[in-house]
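In the working numbering, the protein residues as written are 1 to 231.
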């Protein structure tokens, strides 16, 4: 890997993490010079990252106005949930047939990291563990297209999940739902795995809309709580 590509990838991962954890808030205008100073990166890697993130619809490049963090809307949340259910149910059906012992081991390790982050109140780390958990599920499907599709969907959906972390009992339910998913995959039970992931996503939908929908129809004009990734 060339030095330039490595720098571009680091800039992309750094900005993406800041977006999904709401450190860069929905509706916020971004200044390239400020991002360069904040993250100690050059202009070219930052610009390359912004264009990749625009392709993933996490930021918007608006002619004659600048770069804006894509605002969150309840309609988008519902659309994402519908698409995630359809694709992740397929993913889990395939994973129940194809998952390897190594992938199961990695799921359990990621779940342990998730549980630890929740116990210690490190919600940024919990988001990161959740991302890895779902990426491993996509990999376990054995389908070469699904991982890319689901990674993009999950990155957009995580911003909504970050808003729902203060809902009483939500993170504890997620721990249990992840456990049920792993157990179904261990048994290679296709029906149980599909039901487990559908329940998981539906649970998020119900929790998010019961609380967040009451805050605003369109989120982006008001401050949104951000999460810091602990080290």
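We treat Cβ as the ideally placed atom computed from N, Cα and C, and that holds for glycine. These figures come from a predicted structure and were not determined experimentally.
- For residue 124, there is no enclosing beta strand (DSSP E); the enclosing alpha helix (DSSP H) has its first and last residue at 123-140.
- Judged by DSSP in its simplified three-state form, residue 145 adopts coil rather than helix or strand.
- CA-to-CA, the gap between residue 72 and residue 55 works out to about 16 Å.
- Taken in chain order, the complete beta strand (DSSP E) segments of 3 residues or longer contained in the region 47-134 are 59-62 and 66-69.
- A distance of 8 Å or more separates the beta carbons of residue 96 and residue 162.
- At a Cβ-Cβ threshold of 8 Å, residue 114 and residue 180 do not count as neighbours.
- Residue environment: residue 172 is assigned as exposed (fewer than 16 neighbouring CB atoms within 10 Å of its CB, all protein chains considered).
- The DSSP-derived three-state label of residue 22 is coil.
- Classified as exposed, residue 61 has fewer than 16 neighbouring CB atoms from the shown chains inside 10 Å of its CB.
- Distance between residue 187 and residue 98, taken at the CA atoms: about 12 Å.
- For residue 28, no alpha helix (DSSP H) segment is defined, and its DSSP state is neither H nor E.
- Separation of residue 121 and residue 63 (C-alpha to C-alpha, rounded to the nearest whole angstrom) is 41 Å.
- For residue 189, there is no enclosing alpha helix (DSSP H), as DSSP gives it neither H nor E.
- Taking residue 199 as the centre and dropping the five residues before and after it, the same chain places the C-beta of 177 and 180 closer than 8 Å to its C-beta, in chain order.
- Taking each of 136, 17 and 75 in turn and checking the Cα distance to residue 182, the smallest one comes out for 136.
- Annotation for residue 8: 45 and 48 place their beta carbon closer than 6 Å to its own, counting only its chain and skipping 5 residues before and after.
- Spatial neighbours of residue 11 in its own chain (CB-CB distance under 6 Å, excluding positions within 5 residues in sequence) are listed in chain order as 41, 45, 46 and 49.
- Sequence-distant partners of residue 87 (beyond 5 residues in either direction) whose C-beta falls short of 8 Å from its own C-beta, in its chain, are 146, 149, 150 and 153.
- If you ignore the 5 residues before and after residue 142, its C-beta comes within less than 7 Å of the C-beta of 94 and 98, all in its own chain and listed in chain order.
- Between residue 67 and residue 29, the C-beta gap is smaller than 8 Å, which places the two residues in contact.
- Here the C-alpha atom of residue 127 lies approximately 8 Å from the C-alpha atom of residue 21.
- Under the 10 Å beta carbon count, residue 5 is surrounded by fewer than 16 other beta carbons and is classified as exposed.
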